[in-house]
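K.L.:
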Amino acid sequence: MEITFSHNQPLDSPEHKGAVKFKELVESKTDGQVTVKIYPSLQLGSLREQVEATQFGEINITMQPSAVVSPFVDDIKVLDLPYLLPTKTKQMYELLDSEVGDELLATLETGGFKGLGFWPGGYKLFTTNGIEIHKPEDFEGVTMRTMEAPILLAQYEEWGGSPIPVPYAELYNALQQGVVDGQENPIQTIFLNNYHEVQDTIIESHHGGMTYILMANLSWFEGLPNSVQNAIIEAEKEARNVAREELVASEDEYRQKIIDSGVNYYELTPEEIEVFREASIPMHEKYYNTEKQLELLQKINDKIDEITK
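Position in the sequence shown (from 1) plus 11 gives the number in the working numbering.
Shown next, in the form of structure tokens:
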């Protein structure tokens, strides 16, 4: 039996290294009765196409950003509300690995997915071509590329910007040709895709994390023997930690190389972050507003208070 596993990141990314570990573990735990074929770097289509293919059962397992999954499972968009998640990595993982995180993973079943775990992407940064951002009003008239996710479009609209969805595979050219003024992505994505070659201003904004979700087609997963299900679940937990460790090990190196390239690189001050936070908090209940979502949001905020106190 062969499992197809797709994702978007390049071979030298922390996510792919975690995927390779997942493959090794599944094959080891099943004594080679199950093999895993990994398709990285958009080989099986765009981000959205991979989610759709997983939903239809054409792909068994995929790893995708929560923002790409949210149009299929609305409850998961909470992970992309600006200035909600803890800004310290350890605290964010504690939240995602908690019972509240398990509850969020369970919501994926409404879209036909089996949520396996939350994988790392890193905290997102703003990048622009010569435009400094220090407060929400600075986005006025600025075109920002986002993923094809309503919550991310709303984020920049609320801040006064002009969001434009651009496919991941086309982003470098869109930045180079000035189709958009800027974009948001974690340090590793900026570095590995050389976005700092075509963006000269990079801002550590602490506005949100790039949370990847490892998920399977639900019907396919439920049809597997219990022994294989358990092997996948156990392998995911171990491989997730490998990916997280790889990300921590590489982020400082990537950040320094970006800075050394000569871009204007700076971090928002605590005061500037607070201004952004105050402008963003009303969005939480505005866009995450069903009865179930408000209950989930309260649980998340309660857990964050517990973790960060």
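For glycine and all other residues, C-beta sits at the position ideal for the given N, C-alpha and C.
Does the region 121 to 133 come within contact of the region 218 to 233, defined as at least 3 CB pairs closer than 8 Å?
P.N.:
yes
K.L.:
Would a C-beta distance cut-off of 8 Å place L58 and Q75 closer than the cut-off?
P.N.:
yes
K.L.:
Exposed or buried, what is I244 when buried is set at 16 or more other beta-carbons lying within 10 Å of its beta-carbon?
P.N.:
exposed
K.L.:
Might you give, ordered along the chain, the residues of its own chain that have their beta carbon closer than 7 Å to the beta carbon of Q240, omitting 5 neighbours on each side?
P.N.:
In chain order, F232 place their CB closer than 7 Å to the CB of Q240, counting only its own chain and leaving out the 5 sequence neighbours on each side.
K.L.:
Are the Cβ atoms of L307 and D86 separated by less than 8 Å?
P.N.:
With respect to the 8 Å criterion, L307 and D86 are classified as neighbours on the basis of their beta carbons.
K.L.:
Name the two residues that bound the continuous beta strand (DSSP E) containing S238.
P.N.:
Looking at the DSSP string, S238 is not in any beta strand (DSSP E); the run it does join, the alpha helix (DSSP H), is N237 to D271.
K.L.:
Skipping 5 residues on each side, what residues in its chain have a beta carbon closer than 8 Å to that of L164?
P.N.:
T157, P174 and P176
K.L.:
Might you give, ordered along the chain, the residues of its own chain that have their beta carbon closer than 7 Å to the beta carbon of Q61, omitting 5 neighbours on each side?
P.N.:
S17, L55, I70, T73 and Q75
K.L.:
Would P236 be called buried (16 or more neighbouring beta carbons within 10 Å of its own) or exposed?
P.N.:
exposed
K.L.:
Quick one: what does DSSP say S173 is sitting in, helix, strand or coil?
P.N.:
strand
K.L.:
Taking C-beta to C-beta, are K314 and L106 nearer than 8 Å?
P.N.:
For K314 and L106, yes; Cβs fall inside 8 Å.
K.L.:
So L378 and V209 are supposed to be a Cβ contact under 8 Å. How far apart are they, rounded?
P.N.:
Only positions 12 to 320 of the chain appear in this structure, which leaves residue 378 out of reach.
K.L.:
State the start and end residues of the unbroken beta strand (DSSP E) segment that holds P147.
P.N.:
No beta strand (DSSP E) contains P147, which DSSP labels as neither H nor E.
K.L.:
Using only alpha-carbon positions, find the residue among L53, V89, T100 and F137 that is nearest to K303.
P.N.:
Of L53, V89, T100 and F137, the smallest CA-CA separation from K303 is found for V89.
K.L.:
What's the gap between the Cα of P178 and the Cα of L115?
P.N.:
26 Å
K.L.:
Using alpha carbons as the reference points, say which of S238, G273, E256 and E247 lies closest to D42.
P.N.:
S238
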